[in-house]
Amino acid sequence: MAIPIPLLLYEFSTWIYFLAAIVGILLSYFSFKLYSMTGKREQRFLFYAMVFITIGFILLTIANVFGLSNFQSCFPLCQFDVTDPVYSLVIKSGNYIYYLTSLIGYTLLALTYLKSIKIEKFFGRFFIFIPLNVTLLIETANIEFFLYPFGNFAFQLFHLLAIVILSYINFNTITNYLVLKTRHSFPVMIGFIFIGLYHFLMALTPFKPIIFGVAQFSLLAGLISLLWMLIQVNRRG
Amino acid sequence: MQVLIDILKVIQREGGNVKPTHILYKANLSHKLLKSHLSLLIEKGFIEQKQAGDKVYYSITPKGSKYIEEFRKVEKLSLAFGLPV
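Here the protein sequences come in this chain order: A and B.
In terms of my numbering, the first sequence opens at residue 225 and continues consecutively.
In terms of my numbering, the second sequence opens at residue 4 and continues consecutively.
Set out below in structure tokens:
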């Protein structure tokens with residue numbers, strides 16, 4: 225889907241994704257520490273969720289930096305598969321891997337709130353079968369289909385799926401805040417509300433590109449909230 | 004793991020030297036279990052055993068105090084997400 229985003233916003237979004245990667249690394253580190261101390265299933269899922277989400281943002285940042293450093297002169301015309309096949313491959317792959325890892329990450333985060341052990345077993349098998357499924361895809365489909373199985377619809381599909389999963393996460397973080405009313409649960413609740421809003425606004429971007437900028441500010445607000453929570457948590461006392 | 008943390012918290016809360024019977028009472032454990040947990044904590048260097056006459060006392064080490072501090076931080080993180088610790 226060709227969405228002409230102004231260069232300034234594209235640069236701004238790259239910085240936001242970079243910040244998201246940093247916050248993700250910090251959350252992965254602290255959730256790993258949490259899991260290594262408790263060894264509980266919920267904490268393990270939280271850690272894996274953060275790792276997947278972080279990988280997505282790192283790759284998205286790399287893809288954006290590649291686009292900005294190599295093809296800045298032709299912006300906004302060369303955005304999204306218009307002129308250069310290398311550019312197209314890097315940007316699309318970066319975005320697709322980000323979609324995939326983010327959805328896996330959000331799903332794992334949602335699973336931390338589910339109690340059933342059966343779900344863990346199911347997902348355990350699901351992850352085991354990922355390499356097999358990928359191999360079968362490569363074997364049976366052409367590379368274009370493998371890389372972009374949903375074609376131009378992937379952008380909206382990703383954001384809509386993210387909204388659905390995040391609604392469940394938001395329900396749990398809001399409930400948690402209403403029950404605990406602690407200074408740590410508040411920024412988590414606000415953070416995920418803003419991240420949900422980011423996906424909602426991103427899904428609307430094809431209708432008006434300026435919404436892309438508003439969405440980035442929403443993601444920034446969500447990240448600042450989560451960063452604030454980490455600072456609060458790491459304070460003594 | 005939670006039991007070990009509870010034992011560490013009891014020893015730290017008491018400040019100085021704590022008798023095993025006191026830990027037994029506060030942590031609500033059997034004598035056999037407490038003994039194995041205390042051995043594990045000594046092995047990890049979180050607590051140390053002291054002998055005063057025929058009585059045995061336990062006290063927390065700086066490593067044990069640091070571990071509790073770290074645990075309190077990650078506990079807050081877990082609760083921030085609404086996950087049980």
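All C-beta atoms in this analysis are idealised placements derived from N, C-alpha and C, irrespective of residue type, glycine included.
Proximity test, Cβ basis, 9 Å: residue i and chain A
i: residue 46 of chain B; result: no
i: residue 51 of chain B; result: no
i: residue 54 of chain B; result: no
i: residue 35 of chain B; result: no
i: residue 15 of chain B; result: no
i: residue 76 of chain B; result: yes
Residues that DSSP places opposite residue i in a beta bridge
i: residue 55 of chain B; result: B/58
i: residue 50 of chain B; result: B/63
i: residue 21 of chain B; result: B/61
CB contact below 9 Å: residue i versus chain B
i: residue 326 of chain A; result: no
i: residue 411 of chain A; result: yes
i: residue 360 of chain A; result: With a pLDDT of only 48 at residue 360 of chain A, under the threshold of 50, the placement of this residue in the model should not be trusted, and no figure is reported.
i: residue 329 of chain A; result: no
i: residue 264 of chain A; result: yes
i: residue 196 of chain A; result: Nothing in the structure corresponds to residue 196 of chain A, since chain A is present only between 225 and 461.
i: residue 338 of chain A; result: no
i: residue 391 of chain A; result: no
i: residue 504 of chain A; result: There is simply no residue 504 of chain A to check, as chain A begins at 225 and stops at 461 in what is shown.
i: residue 278 of chain A; result: no
i: residue 254 of chain A; result: yes
i: residue 335 of chain A; result: no
i: residue 426 of chain A; result: no
i: residue 406 of chain A; result: yes
i: residue 313 of chain A; result: no
i: residue 400 of chain A; result: yes
i: residue 394 of chain A; result: no
i: residue 247 of chain A; result: no
i: residue 238 of chain A; result: no
i: residue 447 of chain A; result: no
i: residue 454 of chain A; result: yes
i: residue 332 of chain A; result: no
i: residue 451 of chain A; result: no
i: residue 319 of chain A; result: no
i: residue 458 of chain A; result: yes
i: residue 397 of chain A; result: yes
i: residue 366 of chain A; result: A caution first: residue 366 of chain A carries a pLDDT of 44, below 50, which makes its placement in the model unreliable, though a value can still be read off. It does not: the Cβ of residue 366 of chain A has no partner Cβ on chain B nearer than 9 Å.
i: residue 388 of chain A; result: no
Under 7 Å by beta carbon: chain E residues contacting residue i
i: residue 267 of chain A; result: Absent here is chain E; the protein component of the structure consists of chains A and B.
Range covered by the alpha helix (DSSP H) that runs through residue i
i: residue 329 of chain A; result: 309-335
i: residue 430 of chain A; result: That residue, residue 430 of chain A, is in no alpha helix (DSSP H); it is neither H nor E in DSSP.
i: residue 379 of chain A; result: 378-404
i: residue 249 of chain A; result: 231-262
Beta-carbon gap between residue i and residue j smaller than 9 Å
i: residue 5 of chain B; j: residue 88 of chain B; result: yes
i: residue 291 of chain A; j: residue 311 of chain A; result: yes
i: residue 273 of chain A; j: residue 331 of chain A; result: yes
i: residue 415 of chain A; j: residue 453 of chain A; result: yes
i: residue 443 of chain A; j: residue 240 of chain A; result: yes
i: residue 336 of chain A; j: residue 86 of chain B; result: yes
i: residue 456 of chain A; j: residue 427 of chain A; result: no
i: residue 77 of chain B; j: residue 264 of chain A; result: no
i: residue 377 of chain A; j: residue 327 of chain A; result: no
i: residue 60 of chain B; j: residue 20 of chain B; result: yes
i: residue 40 of chain B; j: residue 7 of chain B; result: yes
i: residue 259 of chain A; j: residue 270 of chain A; result: yes
i: residue 449 of chain A; j: residue 80 of chain B; result: no
i: residue 66 of chain B; j: residue 49 of chain B; result: yes
i: residue 43 of chain B; j: residue 34 of chain B; result: no
Any non-hydrogen atom of the ligand SAH within 8 Å of residue i CB
i: residue 288 of chain A; result: The model depicted lacks the ligand SAH and carries no ligand whatsoever.
Pick out the complete alpha helix (DSSP H) segments inside the region 64-88 of chain B, 4 residues or longer, and give them in chain order. 65-83
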